[in-house]
Amino acid sequence: MTFQIDPLIALGVVLATATTDAAYVFFNAAVIARHRVRAANWSAIWYLLSAFAVISYTEQAVYVAFAALGSWIGAFASVTWLARIPRMKA
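In UniProt numbering, the protein residues as written are 1 to 90.
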């Protein structure tokens, strides 16, 4: 078993999973805020983005590490961005 890593695929997996996790965070924020259309849009985006990463790392398992890195980056960055938005009082 060889672990040849294509840097472009690895970068694509990181970017796809980072964006996927960001979409997931925004989806959850929209659900919590009860914005149905926004939640539905983020949900669709979330699934479309995840397709690239899943297809890439099922071809070669080493890309799972890049998926985990992208997932961490996406969640961290999107929660950081959401924390800067002033919350509306209920």
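Don't be surprised by glycine CBs; every beta carbon is placed ideally from N, CA and C.
Predicted model, so just to flag it, every value in this text is computed and none were measured.
Would you mind working out which of the options sits nearest residue i, comparing C-alpha positions?
| i | options | result |
| --- | --- | --- |
| F76 | T20, R34, W42 | T20 |
Leaving out the 5 sequence neighbours to the left and right, which residues in its chain are closer than 7 Å to residue i when beta-carbon positions are compared?
| i | result |
| --- | --- |
| F66 | A10, V13, V14 |
| A23 | W42, I45, W46, L49 |
Rounded to the nearest angstrom, what separates residue i and residue j at their Cα positions?
| i | j | result |
| --- | --- | --- |
| V25 | D6 | 29 Å |
| V37 | N28 | 13 Å |
| H35 | Y47 | 18 Å |
| A33 | A39 | 9 Å |
| N41 | L82 | 18 Å |
For a test of the three-state rule: what should DSSP assign to residue i, helix, strand or coil?
| i | result |
| --- | --- |
| D21 | helix |
| R34 | coil |
| A10 | helix |
| V62 | coil |
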